[in-house]
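Since the structure comes first, as structure tokens, the remarks are kept for the end.
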Amino acid sequence: MASTIFIHKEAGQRKDAVRVRSYNDIPEFLKSAISVTTEGIELDCVEGREVAPFGAVIGYEKSEKTSSGWNCWVIGNADTNLIEKDGVFYKNRTQYASPGYPGEAYWVLYGTKEDGSPDANILTKTEKSYGEYIVCASDGQDIGRLAEIDPA
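Be aware that the sequence shown starts at 6, since it is given in our numbering, and climbs by one per residue.
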């Protein structure tokens, strides 16, 4: 059985997320991409229009592929991946990782999706973000950088 370690990315503010409970929560620059309907929150995304429930956390990025100039989506794992403080979202400190391809990559478990399935991604040593992960103890105490402990 593969061993599991605790990791987290360097702490940092997530500036590309907003919780929308009502029209007043939509930032002015996103009002062409996010609207409120009787069904919920309607989002302009590269896949078309998406409807999200009120209270959802919405991610956004500039895009040339949408009519509004913004790609918006529901951050489905916000409850496990983000911490909200005064309307600002921060990355949650701890994820779990286990070797996926020994010597090459890790499986990173962020949490569980609404349907009960794991919310996980592969992290390869060649990705730029590999250097951003920090190994920590189960209590959250930092041990060292993953790239230094297990260099590429």
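Think of the CB as a built atom: it goes at the ideal place given N, C-alpha and C, for glycine as much as any other residue.
Since the structure is predicted, the reported quantities are computational estimates derived from the model, not experimental observations.
Scanning the region 111 to 141 from its first residue to its last, the whole beta strand (DSSP E) runs of 3-plus residues come out as 123 to 129, 138 to 141.
The three-state reading of DSSP puts Ile154 in helix, counting H, G and I together.
Within the region 29 to 108, the complete alpha helix (DSSP H) runs of at least 4 residues fall at 83 to 86. By DSSP's assignment, Asp147 forms a beta bridge with Cys141. Setting aside the 5 residues that flank it on each side, Arg54 is surrounded in the same chain by Glu47, Leu48, each with a C-beta closer than 8 Å to its C-beta; the list follows chain order.
Sequence-distant Cβ neighbours of Ala83 in its own chain, meaning closer than 6 Å and more than five residues away, are Val62. Under the three-state reduction of DSSP output, Arg24 falls in the strand class. Between the alpha carbons of Ser134 and Trp78 lies a distance of about 22 Å.
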